[in-house]
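Residue 360 is where the sequence shown ends in my numbering, and the numbering goes up by one at each step.
Ideal placement from N, C-alpha and C gives every residue a C-beta, glycine not left out.
As structure tokens, the structure follows; a few thoughts come after it.
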Amino acid sequence: MSEQADLNFEGLSCPVPLPDTTLDRIVLGHGSGGRMSHHLVRQVFLADLNNPTLSQLNDGAVLSLPDGDGRLVLSTDAHVVQPLFFPGGDIGRLAVCGTVNDLAMMGARPLWLTAAFVLEEGLPIETLQRVVRSMREAAAEAGVAVVAGDTKVVERGSADGMFITTAGAGWAPADVDISGANARPGDVVLVSGTLGDHGIAVLSEREGLGFETELRSDVAPLNGLVAAMLEAAPEAVHVLRDPTRGGLATTLNEIAMQSGVSIELEEERIPLQPAVRSACEMLGFDPLYVANEGKLVACVAPDAAEAILGAMHAHPYGEHAAVVGRVTGGPGGQVTLRTPIGGTRILDMLAGEMLPRIC
Numbered sequence: 002m003s004e005q006a007d008l009n010f011e012g013l014s015c016p017v018p019l020p021d022t023t024l025d026r027i028v029l030g031h032g033s034g035g036r037m038s039h040h041l042v043r044q045v046f047l048a049d050l051n052n053p054t055l056s057q058l059n060d061g062a063v064l065s066l067p068d069g070d071g072r073l074v075l076s077t078d079a080h081v082v083q084p085l086f087f088p089g090g091d092i093g094r095l096a097v098c099g100t101v102n103d104l105a106m107m108g109a110r111p112l113w114l115t116a117a118f119v120l121e122e123g124l125p126i127e128t129l130q131r132v133v134r135s136m137r138e139a140a141a142e143a144g145v146a147v148v149a150g151d152t153k154v155v156e157r158g159s160a161d162g163m164f165i166t167t168a169g170a171g172w173a174p175a176d177v178d179i180s181g182a183n184a185r186p187g188d189v190v191l192v193s194g195t196l197g198d199h200g201i202a203v204l205s206e207r208e209g210l211g212f213e214t215e216l217r218s219d220v221a222p223l224n225g226l227v228a229a230m231l232e233a234a235p236e237a238v239h240v241l242r243d244p245t246r247g248g249l250a251t252t253l254n255e256i257a258m259q260s261g262v263s264i265e266l267e268e269e270r271i272p273l274q275p276a277v278r279s280a281c282e283m284l285g286f287d288p289l290y291v292a293n294e295g296k297l298v299a300c301v302a303p304d305a306a307e308a309i310l311g312a313m314h315a316h317p318y319g320e321h322a323a324v325v326g327r328v329t330g331g332p333g334g335q336v337t338l339r340t341p342i343g344g345t346r347i348l349d350m351l352a353g354e355m356l357p358r359i360c
């Protein structure tokens, strides 16, 4: 990383965390994936739309069909990012992989996607074609088909060029039971690779920070990796989650709350690329809260952890997988980090928005 980089911090101002209970309008922090997002979901959406499936707050809905062998899993997500193209990916690959991964985190085999485009007046057709070609390649890699879609055009300046909303459907075998509420004391916590790559890569491209080491987003479909883990020990995988907005720390807080357990992390075991570590130190970010788009976190039974970790290492998207902590029976909803010098600090949910919007 260049120490002489001509840095421009204009536009990097991050919203101050606010007590959302006092707000009467939407602020950027409501879209962070952190505490304000969770308050918004509970106070607005669950207040009127609550049902036994939605209240589980998983990445996808698992629906049982009458006389069906297995379960249908559905998921939907909206994708907004600036710039539209960044090292390692673009908004099209992000849209396909995001929904594929939401289905895979429920143990489902992703099958079909739909895509709705909000296009801004003046967007070059060539730009849209590049995005659609990237979606085609990502869908082929994941083994899914885009089977329906919709397009809307809005006035110039209304959509950052392009927004994409995707929905996906997949099929989960009847004997697979994966949920954020399934973490158990004694479980081993795994991550599939280095953290923070996507967030720092997009931020670097967006702000022109001029890192000498090329940082690339990790955006990737993880359904193949999940299939390998389930093949190694299908009943031992209790929780899967992709740590996107809010990063690893917020994701583990969600799991700890859903399961009513505590989670302890070992800081020395958490894999980080040197460039990401340096960028976070320079910019004042905590990499545990930076977004990822091609990584997963898992809570697995301890007697099967070695077999599952071996299966992850054998897959291209899990070759840097590592054990980073364990689930305990301590206070429900608490996540702690043991530092290299023996100290312990509490990892809370992300409050507000740490970075400009990147996913």
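**Study point:** residue 287 versus 250, 75, 145, residue with shortest Cα-Cα distance
**Key:** 250
Exercise for review: Evaluate contact between the stretch 267–284 and the stretch 231–240, counting only Cβ atoms and requiring at least three cross-stretch pairs below 8 Å.
Suggested key: no
Check your understanding: From residue 254 to residue 306, what distance separates their C-alpha atoms?
Key -> 21 Å
Review point. From residue 309 to residue 321, what distance separates their C-alpha atoms?
Key: 13 Å
Practice item. Closer than 6 Å by C-beta to residue 94: which residues in its own chain qualify, once you throw out the five before and the five after it? Chain order, please. Key: 135, 139, 220
Practice item. Along the alpha helix (DSSP H) that carries residue 99, what are the first and last residues, could you check? Key: 92–105
Check your understanding: What runs of the alpha helix (DSSP H), each 4 residues or longer, lie entirely inside the stretch 172–216?
Key -> 198–208
Check your understanding: What is the C-beta distance between residue 245 and residue 294, in whole angstroms, given that I count them as a contact (C-beta under 8 Å)?
Key -> 6 Å
Check your understanding: Straight-line CA distance for residue 192 to residue 27?
Key -> 33 Å
Practice item. Measure from the alpha carbon of residue 152 to the alpha carbon of each residue in 159, 164, 143, 144, then state which is nearest. Key: 164
Practice item. Assess, as a yes-or-no matter, whether the stretch 114–124 is touched by the stretch 178–185 under the definition of 3 or more beta carbon pairs within less than 8 Å. Key: no
Review point. Which class does residue 265 belong to by DSSP, given the choice of helix, strand or coil?
Key: strand
Practice item. Can you tell me which of 154, 171, 127 puts its alpha carbon nearest to the alpha carbon of residue 60? Key: 171
**Study point:** Identity of the residue in 227, 272, 297, 225 nearest residue 256 by Cα
**Key:** 297
Check your understanding: With a CB to CB cut of under 6 Å and the five nearest residues on each side skipped, what residues in its chain are close to residue 303?
Key -> 187, 189
Review point. Where residue 8 and residue 328 are concerned, what is the direct C-alpha to C-alpha distance, given to the nearest angstrom?
Key: Residue placement at residue 8 is flagged as unreliable, the pLDDT there being 46, under the threshold of 50; the coordinate-derived value follows with that caveat. Roughly 41 Å separates the two Cα atoms.
Point to revise | Assumed close pair residue 292, residue 229 - CB separation to whole angstroms, cut-off 8 Å | key: Residue 292 to residue 229, Cβ: 24 Å. No contact.
Review point. Using DSSP with H/G/I as helix, E/B as strand and the rest coil, what is residue 316?
Key: coil
Exercise for review: Give the DSSP bridge partners of residue 300, in chain order.
Suggested key: 190, 240
**Study point:** Sheet register partners of residue 286 (DSSP bridge)
**Key:** Residue 286 pairs with nothing; no bridge assigned.
Point to revise | Buried or exposed by the 16-neighbour rule on C-beta atoms within 10 Å, applied to residue 201 | key: buried
Exercise for review: Take residue 263 and list the residues in its own chain whose beta-carbon comes closer than 8 Å to its own, dropping the five residues that flank it on each side.
Suggested key: 257, 328, 329, 330, 331, 332, 333, 334, 335, 336, 337
Practice item. Check residue 21 in the structure and name its three-state DSSP category. Key: Note on residue 21: pLDDT 49, under 50, position unreliable in the model; the coordinate value appears next. Residue 21 falls in the helix class under three-state DSSP.
Review point. Is the beta carbon of residue 159 sitting closer than 8 Å to the one on residue 127?
Key: no
**Study point:** Start-to-end residues for the alpha helix (DSSP H) that takes in residue 133
**Key:** 126–143
Check your understanding: Between residue 260 and residue 326, is the Cβ-Cβ spacing less than 8 Å?
Key -> no
Review point. Roughly how many angstroms lie between the CA atoms of residue 12 and residue 265, to the nearest whole one?
Key: Annotation note: pLDDT 49 at residue 12 (below 50); position unreliable, no value reported.
Review point. Count the other CB atoms within 10 Å of the CB of residue 52; is the residue buried (16 or more) or exposed (fewer)?
Key: exposed
Check your understanding: Residues bridged to residue 118 by DSSP?
Key -> 152, 165
Review point. In three-state terms, what does DSSP make of residue 30?
Key: helix
Practice item. Give the range of the alpha helix (DSSP H) segment to which residue 256 is assigned. Key: 248–260
Review point. Going by beta carbon distance, what residues of the same chain come within less than 7 Å of residue 203, once the five residues before and after it are set aside?
Key: 82, 87, 218, 359
Point to revise | C-alpha distance - residue 119 paired with residue 227, whole-angstrom precision | key: 31 Å
Exercise for review: Please classify residue 85: does DSSP put it in a helix, a strand, or coil?
Suggested key: coil
Practice item. Please classify residue 1: does DSSP put it in a helix, a strand, or coil? Key: What is shown of the chain runs 2 to 360, which leaves residue 1 out entirely.
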